[in-house]
């Protein structure tokens, strides 16, 4: 966190310059737990499989009903599926980053639509640590913090090792105060 | 379970044992039945025409049965609905088959409002609503109590929240006797002014909806423009009219539209704001107490420390006459569907100042320099508007009708509007407050104490990356989820440093706000 907490706030923008070290895709924040990449890939694979099946069905009907030359739809779907499974998960993963400061949680995500959220610990109302079946398989958990704000009332941080998520929860819990609003 | 639970609770919390569980006012059975029956009149009408073949006897019988069922059910529900006012919480037990035992701690109640619909007012009853700010929905309502009971309940909660114990509260004489001068009130003339600026076409929309739903009464093709063009071009009498008469007709049509707009705005404003009165309720916890309404009288108390931000809005015309609308953003939304609590719908700055002075929000300091956002705010939109309109105009113009080329002219007002919006989108930061101005037509000045900021986002869309711009979105409790407070299109460096100033960062000593 030392990089993002300089004494004067003016230094921070350096991190946003797309040069040298800040070429790090998530500005040097803590990356998600590596199995998250596999989880993203698995989810993408499921989505890609559905897409290919749909395209295959469509192709079949186009061929049998209309006599159109087959294969184009499936071909296109296969290309999209390859992008979804082999290229995107890595790129999505490396753009995620979080930072547990001493007073606040920072979450960075996305590239084209980049969002950089800061939630001060003492503004957090309550915290969930959630885990779905696929996440359990990879030993991952999602940290969900609820704020009183109407915008950003739920801030989620997926892809944490379950132990880390629980540690973070304990840390944040110590800062929650009653009646902040 | 339903019978055992209260006993257990009373044992564990002996303080609460004093107050017994109470029923709502018996007349509320009648009130609810009436409103339920009102909805069922249509059903009876449908039965009359369809099933009973317009036989008045069977219909009457069915109506009686429905009345009996409705009243019986309502009475049963009433009998199974009890509430208990404890020292620290209010407990509500409800449900015919699925028993629900809800406890609402006083600590969690954001504000209490009393609402009196027309029938309630005639019977001297009131609906007490509790807002806890959980997910927008209604959290607890007692419909209905005697007005005095409702007021007593509200005062109990207010006293609790101010830390006054019940005994001490009893010693304080009831403050209802003397009515101090209100913080802000509107007479009929003022409401009329507010109504004029509330110009709206809602009445027209309502008429349109009625027309759509009752379209069997209206000749076929009434809403079809082709029908009208045909009819009008066939009628020679129109062609025979002089140019001035035709222009006069158009002006009269526009004039009547405008008149409807003004009229509906005034009527709506009167119904909502009639007898508007804002007091400082300083019994126990200080709060704003607002009473208003022509048919449905509402009486709401909002604790001052729950005020998240102050919003002063106006419009170009209104501002030139010096009228402003003061709203407070609070966790619980307003009953009337507004997202913010209206504190002074139509007021001069010198009337607004004393209201804001009661909150912990500081007024706009003199000579505060507002910063403009990046010019890209308007020129980027201008480019997009221009491109879209050009494509639409060319496409439609070439392939449909040459008249569509004129579509490109729309770009002028749209771009001008966006430019004006840019001029009016500004922000300024003082030591502990953020000021954000936005909108040219709907001018809005948000005054936000920094300690009320819940979270801050820096967002970049694909169009922001090449220009190194970002939008700062600030999470505040309450307000509209669709339009959060935003500072659009500022340089990314500026956004980052601004956010660092907004949030009490690690390098600063954390100021512990006194809630």
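Chains as they are written, first to last, in this note's numbering: chain E, 1 to 181; chain D, 1001 to 1515. Positions of the beta carbon are idealized from the N, C-alpha and C atoms, including for glycine. Source: prediction; values computed, not measured.
Query	Result
Coil, strand or helix - residue 26 of chain E by DSSP	coil
Any C-beta of chain D under 7 Å from that of residue 83 of chain E	no
Cut-off 8 Å between Cβ atoms - residues of its own chain near residue 1373 of chain D, not counting five sequence neighbours on either side	1422, 1425, 1426, 1427, 1487, 1488, 1489, 1490
CB contact check: residue 128 of chain E to chain D, cutoff 7 Å	no
Cβ of residue 159 of chain E within 7 Å of any chain D Cβ	no
C-alpha gap between residue 1288 of chain D and residue 1029 of chain D, whole angstroms	32 Å
Candidates D:1477, D:1380, D:1290, D:1468: closest to residue 1329 of chain D by CA position	D:1477
Alpha carbon of residue 144 of chain E to alpha carbon of residue 155 of chain E, nearest angstrom	6 Å
Residue 1113 of chain D to residue 1272 of chain D span [Cα, whole Å]	15 Å
Candidates D:1122, D:1457, D:1307: closest to residue 1446 of chain D by CA position	D:1307
Contact check, residue 63 of chain E vs residue 70 of chain E, beta carbons under 7 Å	yes
Check whether residue 187 of chain E and residue 159 of chain E have beta carbons under 7 Å apart	Residue 187 of chain E is absent from the model: chain E starts at 1 and stops at 181.
Closer than 7 Å to chain D by CB, residue 96 of chain E	no
Cross-chain neighbours of residue 123 of chain E in chain D, by beta carbon under 8 Å	1453, 1454, 1455
Residue 77 of chain E: first and last residue of the uninterrupted alpha helix (DSSP H) it sits in	72-82
Residue-level contact to chain D via CB, residue 172 of chain E, 7 Å cutoff	no
Opposing strand residues paired with residue 1290 of chain D [DSSP bridges]	D:1278, D:1300
Touch test, the stretch 1385-1401 of chain D against the stretch 1357-1371 of chain D, Cβ-Cβ under 8 Å, three pairs minimum	no
Closest residue to residue 1292 of chain D among D:1343, D:1109, D:1416, D:1040 (Cα-Cα distance)	D:1343
Inter-residue spacing [alpha-carbon to alpha-carbon] between residue 1107 of chain D and residue 1159 of chain D	11 Å
Contact set between residue 116 of chain E and chain D, taken where Cβ atoms lie within less than 7 Å	1457, 1458
Cβ-based burial, residue 174 of chain E [other Cβ within 10 Å; buried from 16]	exposed
Residue 124 of chain E and residue 176 of chain E closer than 7 Å at C-beta	yes
Residue 1031 of chain D versus residue 1315 of chain D - alpha carbon distance	41 Å
Members of the stretch 140-156 of chain E near chain D, C-beta cut-off 8 Å	147, 148, 149, 150, 151, 152, 153, 155
Chain-ordered chain E contacts of residue 1380 of chain D [CB-CB under 8 Å]	Per Cβ cutoff of 8 Å: no residues; residue 1380 of chain D is ~16 Å from chain E at best.
7 Å Cβ cutoff, residue 112 of chain E in contact with chain D	yes
Contact list for residue 27 of chain E against chain D, beta-carbon separation under 7 Å	Near residue 27 of chain E there are no residues of chain D at all, since even the closest Cβ is about 11 Å away, more than 7 Å.
Buried or exposed (CB count within 10 angstroms, at least 16 for buried), residue 1433 of chain D	buried
Cβ shell of residue 110 of chain E (< 7 Å), same chain only, five flanking positions each side left out	95
Proximal chain D residues relative to residue 119 of chain E, where beta-carbon distance stays under 7 Å	1455
Endpoints, alpha helix (DSSP H) assigned at residue 1120 of chain D	1118-1123
Distance, residue 37 of chain E Cα to residue 1471 of chain D Cα	29 Å
Among E:50, E:66, E:29, E:103, nearest to residue 77 of chain E - alpha-carbon criterion	E:50
Proximal residues of chain E, C-beta to C-beta of residue 1528 of chain D below 9 Å	Since the first residue of chain D shown is 1001 and the last is 1515, residue 1528 of chain D is not available in this structure.
Within chain E, the residues that residue 1476 of chain D reaches when beta carbons sit closer than 9 Å	148, 149, 150, 151
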